Each structure stands twice: as C-alpha cells, then as structure tokens.
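Residue numbers (the working numbering), protein chains in the order written: chain A, 2 to 210; chain B, -7 to 253.
As structure tokens, then:
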C-alpha cells in the first residue's frame, strides 16, 4: 500500500517531468521505421534463396521482387545506420546508457524476473528501468550492432573479408544475420506487448511524459 | 484502489497516439513508410499498379542506388584480393544459373566465334578463340556470390583482363568495359574500369581445368570475383571500352550497377 502511494505520488508530480527526452523519441521512431523497412525488404531478399525450408509471405515483404527489395534494403540501411550512430553517440555522451542500463547483474535479472512473473514488479517510475528491462535494452543494442555488422559482411565479403571471416565466412554470416533478425523480432514482440500492457510507457515515448 | 489508479493515470486516446507517433517521424521517412506499407499484398496485386508511383518512391530508390554505386566505387580497394580456396573446397556440382533454362543456353561454335573489341582501344581487331587461348593463363579458385544470396566455389582459368586491355592498347582512363553476350534477349553488362583492371578479373576459358562447358559460358566468361554473379558475363561476344554508361540486362531492371563484393 505504501509503495503504491509513493508510486502514485511520483506519477502526480512527475507529469511535468520529461520521461523520454525529445532526442530519444526522435531516434526511437526513426529506428522503428528503418527497422521495419529493413526486416520486410530483408524477408523478400531471403525468399530469393531461403536458408530454411520456408519462405516469408508476400503480404509481409517489401519491394515486390528481389531487385526491388534490394533497393529498399540498401536505401533503408542508411537511415538505420546513421540514426543508430546518432543514438549510440548521444547515448554515450549524455550518460543515458550508463544511467539507465547500469548496473546490470545476473542476480538482479533473476530477482526481477521472479518479481515480474509473480506480478510484484513495479512500473511506477518509468524513468527507472528494472533489471529485466536493462538486460533487454542493453541486449537489443548489441543485437542491433551485430545485425549491421553481419549485413556489412554479407554485402562486402571481399572488401571487408576480415569481418566476413569473423562471422565464419560468407555462407555462415548469412545465418548469423538471420539469427540477429530473429532476435529483433522476438524483442519487438515482447516490446510491443509490454507497451500495450503499460500504455503510459508508450505515451512517454510519444509525448515525452 | 484500482479506481484510484485509473483516476490518477489518465487514459490514452489510441488514435491520437498514432497521430502523434506519425508526426514525430521525419517527412520523407513517413512517406516512404506509408508508400512501402501501402504496396503490401493484395492492394498492389488487385489494382495492377504500384502505389509507390504516386510518391516517386522508385525515383528516390534509383537515386540512392546511384549514390551506393559511388560509395562502393570509393571503398573499392584495387589491391584487395578476393579470398582463394583449395581444390577440395570446390562446389560440386557447380550450379547453372540464368534467366532461362539450361537447354536454352547459347550454343556457340568455337571455330567461328570471334571476340570483337570496340571503342577506346588502339587495336580493334577481332580475336579468335585460338588466338585468345595462346595468351598466358592463370587458375584461381574463388567464391561466386549470386545476387540471390547463395554462393558456390569454382575454379576458373584464363587471362587477366588487365593484361588483355594493355595488349589491345585500351584507354584505361575510360569509365567502363561494356560486354555484350549471346544469351537469348541479348545479355550485356558494364564493368567499371577499376574492377576491370583488378588483378583477379579474368577472361576465363576453362572451368575446373577443362574447356569452359556450355552451361558456364563457352567459349568465354568474364570472371570477376569482386562482383556479384550477374556482373560475370558468359558467352561474351564483344567488349566496348567506353566513357558512356550503356546499362545492362539486370542493371536496367533495378539491380545495383556496381554490385561489388
């Protein structure tokens, strides 16, 4: 009861405080658009030479055919990479990564996972991430970096052959690229589900408060 | 208590949310997103027209592809060699790949075939297969990477294109070597001069130490291990050294023209 009261108190006084600064909201939504274009065009490219025994439905692909999808993919990559670099630079320079994502510990993640599963995890202060959020947000940043690097290694297996070798050669790098994309899809599913469960977090990412 | 919370935390109007979200996106990104989203599925199929036309999304994509040509040309290192592999790594069987079936592949008589050389070269004489195969040859085992994503390792033997360009007195300050081929519907493809002069770019006459089979481009293929497969023309009939961008079979349909690896 007391913790709830404290939470309510902060949500009243917090209405004038900015939860998500304007630069975070801007790069977040640009990234959302770029990611969706990359994933949908990527699925069309995948369909030209599937790695597994399935193809993506045309309903969810972008570009119409391989050539069109490649045009989208190699256009949206600039949006994704430039926006991503701005995000990393500002995240480091502003201290946001350090403040929001650290400290992060395995025991903390386990404790907060248990709390979440038993419905005892508080969401009262949106400016403060719990350990599970810290893990997911730090993790998705690393996956984002990996998906770009594997993409580069597939695009330039001669000019960047050291990078391609790092991912186990050209054919293997395609699988790693695919796995990174899959991780992003899983993250997206959790991310969107939770933003629906906690709508004020979505509001904060749109209007800042 | 639940009622108290709902009073203190205002509800969110979903329509306004989406509106606000869209407003945060920069204009071109939003339009492209809408254009891309709207071209999904049945809409495009049923109307038979591409909704992206009205936004000129195609024009924008074509411009970015040209920009990507320039970026790739800038990062192309003329001294970076494509990785080479041992014979044991060769893919067997090496795939046949074209926009037609294997039995529609050109059948060329090696005795009457001539390789025409045109454009900015001193010596425009045509070359017979016999003359060409007397030039010094080298073998290299490299990875062929298709624009579709798959790759296969093959062994090609032939003469470095840069040696031939020197031999015929080509103006190597020109922009392109433009190849024309015997494939049905007339295959052609431009190769930027920096890549044409790359040490591994080869006029290939043999595959796996045997005369180039019909499936792989007899009598001559231009093997370019620093490019995607479609930039490796087969059944080559002529080469024009030119400053003019003359397009290509796949390039004209939208594949990125540089398509370097």
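Beta carbons: idealized from backbone N, C-alpha and C, even for Gly. Since the model is a prediction, treat every value here as computed from it, not as a measurement.
Give the DSSP-derived three-state secondary structure of residue i in the structure shown.
i: residue 241 of chain B; result: coil
i: residue 53 of chain B; result: helix
i: residue 139 of chain B; result: coil
i: residue 189 of chain B; result: coil
i: residue 149 of chain A; result: helix
i: residue 65 of chain A; result: coil
i: residue 190 of chain A; result: helix
i: residue 119 of chain B; result: strand
i: residue 162 of chain B; result: strand
i: residue 32 of chain B; result: Bear in mind that a pLDDT of 45 at residue 32 of chain B, under 50, signals an unreliable position, so the number given afterwards is only what the model happens to contain. Correct three-state label for residue 32 of chain B: coil.
i: residue 203 of chain B; result: strand
i: residue 62 of chain B; result: helix
i: residue 144 of chain B; result: strand
i: residue 84 of chain B; result: coil
i: residue 79 of chain A; result: helix
Rounded C-beta distance between residue i and residue j? I'm assuming under 8 Å.
i: residue 113 of chain B; j: residue 63 of chain B; result: In fact, because the Cβ distance is near 30 Å, the residues do not count as touching under 8 Å.
i: residue 197 of chain B; j: residue 212 of chain B; result: 6 Å
i: residue 137 of chain B; j: residue 158 of chain A; result: 7 Å
i: residue 49 of chain A; j: residue 140 of chain B; result: 4 Å
i: residue 194 of chain B; j: residue 150 of chain B; result: 5 Å
i: residue 176 of chain B; j: residue 77 of chain B; result: With 8 Å as the limit, residue 176 of chain B and residue 77 of chain B do not qualify as a contact, their Cβ atoms being about 32 Å apart.
i: residue 160 of chain A; j: residue 72 of chain B; result: 6 Å
i: residue 139 of chain A; j: residue 154 of chain A; result: Not confirmed; about 23 Å, so no contact.
i: residue 131 of chain B; j: residue 147 of chain B; result: 6 Å
Name the DSSP bridge partner or partners of residue i?
i: residue 149 of chain B; result: B:131 and B:198
i: residue 221 of chain A; result: Past the edges of chain A, shown from 2 to 210, lies residue 221 of chain A, and the structure says nothing about it.
i: residue 169 of chain B; result: B:183 and B:233
i: residue 79 of chain B; result: Looking at the DSSP assignment, residue 79 of chain B forms no beta bridge with any residue, so it has no partner.
i: residue 110 of chain B; result: B:232
i: residue 114 of chain A; result: Per DSSP, none; premise fails for residue 114 of chain A.
i: residue 214 of chain B; result: B:195
i: residue 101 of chain A; result: Beta-bridge pairing links residue 101 of chain A to no other residue.
i: residue 252 of chain B; result: B:219
Under 9 Å between beta-carbons, which chain A residues line up against residue i? List them in chain order, please.
i: residue 218 of chain B; result: 159 and 160
i: residue 140 of chain B; result: 46, 49, 50 and 67
Please determine, among the options, the residue with the shortest C-alpha to C-alpha distance to residue i.
i: residue 103 of chain B; options: B:232, B:125, B:87 and B:146; result: B:125
i: residue 61 of chain B; options: A:86, A:178, A:89 and A:156; result: A:156
i: residue 83 of chain A; options: A:63, A:55, A:173 and A:32; result: A:32
i: residue 105 of chain A; options: A:162, A:191, A:181 and A:133; result: A:133
i: residue 151 of chain A; options: A:164, A:186 and A:19; result: A:164
i: residue 65 of chain B; options: B:168, B:49 and B:50; result: B:168
i: residue 89 of chain B; options: B:246, B:208 and B:190; result: B:208
Just to make sure I have the definition right: I need the residues of chain A whose C-beta is within less than 8 Å of the C-beta of residue i. Which are they?
i: residue 239 of chain B; result: Per Cβ cutoff of 8 Å: no residues; residue 239 of chain B is ~14 Å from chain A at best.
i: residue 68 of chain B; result: 160
i: residue 90 of chain B; result: Those do not exist, as residue 90 of chain B stays about 15 Å from chain A at its closest Cβ, beyond 8 Å.
i: residue 72 of chain B; result: 159, 160 and 162
i: residue 181 of chain B; result: Chain A residues near residue 181 of chain B: none, gap ~14 Å exceeds 8 Å.
Name the chain A residues whose beta carbon is nearer than 7 Å to that of residue i?
i: residue 135 of chain B; result: 171
i: residue 75 of chain B; result: 162
i: residue 246 of chain B; result: 68, 69 and 72
i: residue 60 of chain B; result: 75
Comparing the CB of residue i with every heavy atom of the ligand GTP, is any distance shorter than 8 Å?
i: residue 22 of chain A; result: What this structure holds is no ligand at all, so the ligand GTP is not there to describe.
Using a C-beta to C-beta distance shorter than 7 Å, which residues of chain B count as neighbours of residue i?
i: residue 76 of chain A; result: 53 and 56
i: residue 1 of chain A; result: With chain A covering only 2 through 210, there is no way to say anything about residue 1 of chain A.
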